[in-house]
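Q:
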Amino acid sequence: VSDKPVGSPVVQSPHALVAMNLPSLDRFEDTVRPGGVVLVNTSLINRDVRRKDVLAVKVPTTEVAMELGNVRAANIVALGAFVGATGLVSLEEVEKVVAENFASKPKAVELNLAAVRKGHEIGLKARLSKKGE
1 VSDKPVGSPV VQSPHALVAM NLPSLDRFED TVRPGGVVLV NTSLINRDVR RKDVLAVKVP
61 TTEVAMELGN VRAANIVALG AFVGATGLVS LEEVEKVVAE NFASKPKAVE LNLAAVRKGH
121 EIGLKARLSK KGE
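FYI, this note's numbering numbers position 11 of the sequence shown as 11, with every residue one higher than the one before it.
1) Nearest by alpha-carbon distance to ARG33: which of GLU121, GLY123, ARG51 and GLU67 is it?
2) Within the present structure, is the beta-carbon of VAL94 separated from the nearest heavy atom of the ligand HEM by less than 6 Å?
3) Alpha carbon to alpha carbon, how far is THR61 from LEU79?
4) Can you tell me whether VAL37 is buried or exposed, with buried defined as 16 or more other CB within 10 angstroms of its CB?
5) What separation, rounded to the nearest whole angstrom, lies between the Cα atoms of ASN101 and HIS120?
6) Are three or more beta carbon pairs between the region 90-104 and the region 53-69 nearer than 8 Å?
7) Check each candidate in VAL59, ALA103, THR31 and ASN75 and name the one with the smallest Cα separation from PRO14.
8) Find out if the Cβ-Cβ distance for the pair GLY84, GLY35 is shorter than 7 Å.
9) Taking the alpha carbon of ALA81 as the reference point, which residue from GLU63, ALA126 and ARG47 has its own alpha carbon closest?
10) Would you kindly work out how many angstroms separate the C-alpha atoms of GLU110 and PRO5, rounded to a whole number?
11) Could you tell me the alpha carbon to alpha carbon distance between ASN46 and VAL11, rounded to whole angstroms?
12) Quick one: grab the DSSP three-state call for LYS58.
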């Protein structure tokens, strides 16, 4: 409760979108700022990003996670891809946080580090190919 206006946590014009399913892509693609990043889970989304003024990063996050042994790691694959595509933080920093968050589960550390690394590889390729255009 406040006597002052409370700001909304809703972002009207984000720099990035991670669309893990088609409804998310359909609903939010147009809100991303020009020059932003739209990461698409191609395992569940069967259309391309329609905009040409954003970096479209196609990642089969669900498929990669299944290949690594646990579909629940799809979000970590997406995290790695986002970091690789944007370079906002280093892979090493993300690996450190992943290891800390799953420290009580050694097998989960191993799985999630593999997921973030594979995603990073895919995202980095997207960023480098965009630079080469």
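Cβ atoms here follow ideal geometry from the backbone N, Cα and C, with glycine treated the same way.
Given the structure is predicted, the values throughout are model-derived calculations rather than measurements.
A: Reading it off the structure:
1) Numbered from 1 along the sequence shown, position 33 holds the residue referred to as residue 33. Residue ARG51 is the option with its Cα nearest to ARG33.
2) The ligand HEM is absent from the structure shown, which contains no ligand whatsoever.
3) As a first step, residue 61 is located in the sequence shown; it is residue number 61 there, counting from the start. As a first step, residue 79 is located in the sequence shown; it is residue number 79 there, counting from the start. Near 10 Å, if we compare the C-alpha coordinates of LEU79 and THR61.
4) Looking up residue 37 in the sequence shown gives position 37. Burial call: buried.
5) Along the sequence shown, one-based indexing puts residue 101 at 101. Along the sequence shown, one-based indexing puts residue 120 at 120. Using only the alpha carbons, I get a separation of about 18 Å.
6) no
7) Numbered from its first residue, the sequence shown carries residue 14 at position 14. Of the listed residues, the one whose Cα sits closest to PRO14 is THR31.
8) Residue mapping note: residue 84 aligns to position 84 of the sequence shown, counting from 1. Residue mapping note: residue 35 aligns to position 35 of the sequence shown, counting from 1. Against a cut-off of 7 Å, the Cβ pair of GLY35 and GLY84 comes out as no contact.
9) If you number the sequence shown from 1, residue 81 lands on position 81. If we check each option's Cα against that of ALA81, ALA126 comes out closest.
10) Along the sequence shown, read from residue 1 onward, the residue named residue 110 stands at position 110. Along the sequence shown, read from residue 1 onward, the residue named residue 5 stands at position 5. Cα to Cα, GLU110 sits roughly 45 Å from PRO5.
11) One-based indexing of the sequence shown puts residue 46 at position 46. One-based indexing of the sequence shown puts residue 11 at position 11. Near 26 Å, if we compare the C-alpha coordinates of VAL11 and ASN46.
12) Translated into positions along the sequence shown, residue 58 becomes position 58. Three-state result, LYS58: strand.
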